[in-house]
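Colleague:
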Amino acid sequence: MGEDSSFEIIEEDIDEESKIKELERKLKETEDKLNELNRSLEQRVIERTVEVNRLLKHKIRFIDNLSHDLATPLVPLVSLLPVIKEDVKNPETKKLVDTCIRNVEYIKRVINNARELADISSTDLILRKENLYEIINELEEKYRIVFKSYNIKVQNLIRKDVFVKTEKKRLLQLLDHLASNAVNSMPNGGVLTFESKIVKKETGSFVQISVTDTGVGLTREESDHLFDEFYKTDESRHKLDSTGLGLAICKAIVEKHGGKIWADSHGKGKGASIHFTLPSQNIIYSRSF
């Protein structure tokens, strides 16, 4: 009876060992399939990335060529329409010429902004250490007369010792569009505030810059689509003082810096904030603050 028990134990061990080997075999097959799937997915991602980059380059070339083709016949219209207006005696005809001039100027702005967007997308940034407080002051000085004429008070609450890695020309370009957007949203005057704070991320330290106005505000849908190309917040979408490309240009500049941009508002009539991040550079906090 003892020998039968030993035999049964050996059989159980062999059976258990077979089950373990079978599980190991199945595990190995599953692992091989997963590895093959990963390789396939990686290849598809690479192919898709190449295709997306190809399409983006094609889009940039298309925009550049189209802008050039449209700009050439526009030059005589921009130059000659004001001359024609001076020679027109009929007041009603003058109004018609004024309408033509406004629309031609709008087309010119669309072309310039489209070129601007294509240029940002196709060129690399040369990042240098820049003082954020001084750049905001430079912007305020540039538009001092505009802000005064629109009864807009500017508050630069950026710390004087905050520096960012940026290409100054591009950052001023970004701030130009944000300032223009804020002015348009405050037709009856208001307050435009610039603030910043440090944000720590896995990829490094960033400065979050907030540009806040006390203007007409945004709905949730408008906030979600604000940075889409050719998006306009007016329902008719016929406003000629906006091309719908300014904030798309802002997004392109911020993303070139490796940052993010987004809008925030408590609703219509409650103002809005545009937040964006830029890589920080040697952030030092002075004791005098």
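According to this note's numbering, the sequence shown is numbered sequentially starting from 503.
Where a beta carbon is used, it is the ideal one built from N, C-alpha and C, also for glycine.
Note that this is a predicted model, so its numbers are computed, not measured.
Run through the DSSP bridge pairs and tell me what R630 is partnered with.
Modeller: In the DSSP output, where bridge partners are listed per residue, R630 has T668.
Colleague: With DSSP collapsed to three states, give me the class of D517.
Modeller: Residue state, collapsed to three classes: helix.
Colleague: Using the C-alpha atoms, what's the distance from L543 back to K650?
Modeller: Taking the straight line joining both Cα atoms gives about 57 Å.
Colleague: In chain order, what residues of the same chain lie with their CB nearer than 8 Å to the CB of E640, ignoring the 5 residues before and after it?
Modeller: Within the same chain, E640 has close Cβ partners L674.
Colleague: With a 10 Å radius around its C-beta and 16 neighbouring C-beta atoms as the bar for buried, classify V585 as buried or exposed.
Modeller: The residue in question, V585, is exposed, as its Cβ has fewer than 16 Cβ neighbours within 10 Å.
Colleague: Check whether the Cβ atoms of K762 and T779 sit closer than 8 Å, and answer yes or no.
Modeller: Contact: yes.
Colleague: Using a 10 Å radius around the Cβ and a threshold of 16 neighbouring Cβ atoms, would you call D766 buried or exposed?
Modeller: Under this definition D766 is an exposed residue.
Colleague: Based on the DSSP secondary-structure assignment, which residues constitute the bridge partners of F708?
Modeller: DSSP lists V701 and P781 as partners of F708.
Colleague: Give me the Cα-Cα distance between I562 and E632, rounded to the nearest whole angstrom.
Modeller: For I562 and E632, the distance between alpha carbons rounds to 29 Å.
Colleague: Could you say which of V599, K667 and L583 lies nearest to S782 if we only look at CA atoms?
Modeller: The candidate whose alpha carbon is nearest that of S782 is K667.
Colleague: Please classify L536 as buried or exposed, where buried requires at least 16 neighbouring CB atoms within 10 angstroms.
Modeller: Counting Cβ neighbours within 10 Å, L536 comes out exposed, since fewer than 16 surround it.
Colleague: Going straight from the alpha carbon of I751 to that of Q545, what length do you get?
Modeller: Looking at the two C-alpha atoms, the distance is approximately 32 Å.
Colleague: Let's test the definition: count the other Cβ atoms within 10 Å of the Cβ of I785 and tell me whether it reaches 16, buried, or not, exposed.
Modeller: Its pLDDT being 45, under 50, I785 is placed unreliably in this model, and the value from its coordinates should be taken loosely. By the neighbour-count rule (16 or more Cβ atoms within 10 Å), I785 is not buried but exposed.
Colleague: Beta strand (DSSP E) containing I654: first to last residue?
Modeller: First-last of the beta strand (DSSP E) with I654: I654 to N658.
Colleague: Relative to the alpha-carbon of Y652, which residue among D566, G691, S725 and H679 has its alpha-carbon at the smallest distance?
Modeller: Y652 has its Cα closest to that of G691, out of D566, G691, S725 and H679.
Colleague: Please work out which residues of its chain come closer than 8 Å, Cβ to Cβ, to L576, disregarding the five sequence neighbours upstream and downstream, and give them in chain order.
Modeller: Excluding residues within five positions, the ones whose Cβ falls inside 8 Å are V606, I609, K610 and I613.
Colleague: Do you know offhand how far K587's Cα is from S698's?
Modeller: If you take the alpha carbons of K587 and S698, they lie about 48 Å apart.
Colleague: May I ask you to report which of helix, strand or coil DSSP gives L728?
Modeller: In the structure shown, L728 sits in coil (DSSP, three-state: anything other than H, G, I, E or B).
Colleague: So Y635 and V590 are in contact, right, with Cβ under 8 Å, and what is the actual spacing, rounded?
Modeller: Not quite, the Cβ-Cβ distance comes to about 50 Å (not below 8 Å), so this is no contact.
Colleague: Going by DSSP, which residues form a beta bridge with V713?
Modeller: Partner(s): F696 and I776.
Colleague: Does the beta-carbon distance from G748 to N615 come in below 8 Å?
Modeller: In this structure, N615 lies closer than 8 Å to G748 by Cβ.
Colleague: Below 8 Å between beta carbons: does that hold for G717 and A681?
Modeller: Cβ distance not < 8 Å, so G717 and A681 don't count as in contact.
Colleague: Does the separation of the CB atoms of F696 and I638 fall below 8 Å?
Modeller: Result yes, Cβ atoms of F696 and I638 sit closer than 8 Å.
Colleague: For D621, name the three-state secondary structure that DSSP assigns.
Modeller: Helix.
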